[in-house]
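Peer 1:
In our numbering, the protein residues as written are 72 to 324.
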């Protein structure tokens, strides 16, 4: 086990990435646990309100991310300094992305329906970091042999083709597949070949005068959301906590 760890993690310089990923996940889990306890009014934890102003944990997260990021750039991939700065960066990223929805909406939507975006981006980030750690490199060129690297035309063509698939999938509203396709070769091809989601730039541009294609795209999106929406929401609630329920507005008599 020790030999495998040294050969696959330490020697290639992946230890900082592993530490950053571990710190990222642990920080997110601890932060969510604390915020859920604060929300339930349990435990010794309370919101930080110096002078009556609520300090969100994205603030120390930004500081840790800056310190860890600049430190990691200057320390290389080996040594104690690289490990320390990687941990700081992972902790900062976990705090920042836990409030991604707040940054996106510029509003305190942490426990609202819009706050689910924070959980989505954290899970996606952890998955992509795991792929990179496992050996996948962007645009799918990690398996290029030394002989193939000398063939610039083949190298550039591989990048260009996969980039086109990623771009088409993104325009078709397949954001998750397009991001995953950057790291895993040609995964975005599935999103590029399938019908675009209604409301996506591709559908607005190419389905405008094709009512049959618009209807098929709407039906497929409805079936997909109906099948996967409930399990995805249950997983998000389990990870980050269920959002607040909006009060039911009764009609005036």
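Idealized CB from N, CA, C, for every residue including glycine.
Please state if the CB of residue 94 and the CB of residue 158 are separated by a distance shorter than 8 Å.
Peer 2: It is a contact, given that the beta carbons lie within the stated cut-off.
Peer 1: Give me the Cα-Cα distance between residue 272 and residue 138, rounded to the nearest whole angstrom.
Peer 2: Straight-line Cα distance between these residues: approximately 38 Å.
Peer 1: State the CB to CB distance for the pair residue 258 and residue 202, rounded to an integer number of angstroms; the pair is presumed to be in contact (CB under 8 Å).
Peer 2: Rounded, the Cβ-Cβ distance is 10 Å, inconsistent with contact.
Peer 1: Extract the residue ranges of the alpha helix (DSSP H) inside the segment 136 to 222, only unbroken runs of 4 or more that lie entirely within it.
Peer 2: The segment 136 to 222 contains these whole alpha helix (DSSP H) runs: 151 to 169, 171 to 176, 187 to 205 and 217 to 220.
Peer 1: Report, in whole angstroms, the separation of the C-beta atoms of residue 190 and residue 112, which I expect to be a contact under 8 Å.
Peer 2: In fact, because the Cβ distance is near 22 Å, the residues do not count as touching under 8 Å.
Peer 1: Considering residue 88, what are the terminal residues of the alpha helix (DSSP H) in which it resides?
Peer 2: Its alpha helix (DSSP H) spans residues 86 to 111.
Peer 1: So, do the segment 171 to 180 and the segment 145 to 160 have three or more beta carbon pairs nearer to each other than 8 Å?
Peer 2: In short, these stretches do not touch, since the Cβ pair count stays below three.
Peer 1: Can you find the residues in the same chain that come closer than 8 Å, C-beta to C-beta, to residue 119, ignoring five residues on each side of it along the sequence?
Peer 2: Excluding positions up to five away in sequence, the list reads 125 and 126.
Peer 1: Output the distance between the C-alpha atoms of residue 86 and residue 110, rounded to the nearest integer angstrom.
Peer 2: Rounded to whole angstroms, residue 86 to residue 110 spans 36 Å at the Cα level.
Peer 1: Please confirm whether residue 268 and residue 288 have their CB atoms less than 8 Å apart.
Peer 2: For residue 268 and residue 288, yes; Cβs fall inside 8 Å.
Peer 1: Short check: CB of residue 234 to CB of residue 260, under 8 Å?
Peer 2: No. Outside cutoff.
Peer 1: Of all the options 307, 130 and 83, which has the alpha carbon lying nearest to the alpha carbon of residue 188?
Peer 2: Per the Cα distances, 307.
Peer 1: Are residue 250 and residue 195 closer than 8 Å when you measure CB to CB?
Peer 2: Taking 8 Å as the Cβ cut-off, residue 250 and residue 195 qualify as a contacting pair.
Peer 1: Using 8 Å as the threshold, is the C-beta distance between residue 266 and residue 291 below it?
Peer 2: Contact: yes.
Peer 1: Let me know the secondary structure DSSP gives residue 286 once reduced to three states.
Peer 2: Correct three-state label for residue 286: helix.
Peer 1: Where does residue 257 fall in DSSP's three states?
Peer 2: Residue 257 falls in the coil class under three-state DSSP.
Peer 1: Along the alpha helix (DSSP H) that carries residue 272, what are the first and last residues, could you check?
Peer 2: Residue 272 -> alpha helix (DSSP H) spans 272 to 277.
Peer 1: Give the straight-line distance between the Cα atoms of residue 130 and residue 167, rounded to the nearest whole angstrom.
Peer 2: So the two alpha carbons sit approximately 8 Å from each other.
Peer 1: Could you tell me whether the Cβ atoms of residue 141 and residue 91 are closer together than 8 Å?
Peer 2: Result no, Cβ atoms of residue 141 and residue 91 do not sit closer than 8 Å.
Peer 1: How is residue 25 classed by DSSP in three states: helix, strand or coil?
Peer 2: Lying before the first or after the last residue shown, residue 25 is absent from the chain, which here runs from 72 to 324.
Peer 1: Where does residue 264 land, buried or exposed, given buried means 16+ other C-beta within 10 angstroms?
Peer 2: So residue 264 ends up on the exposed side.
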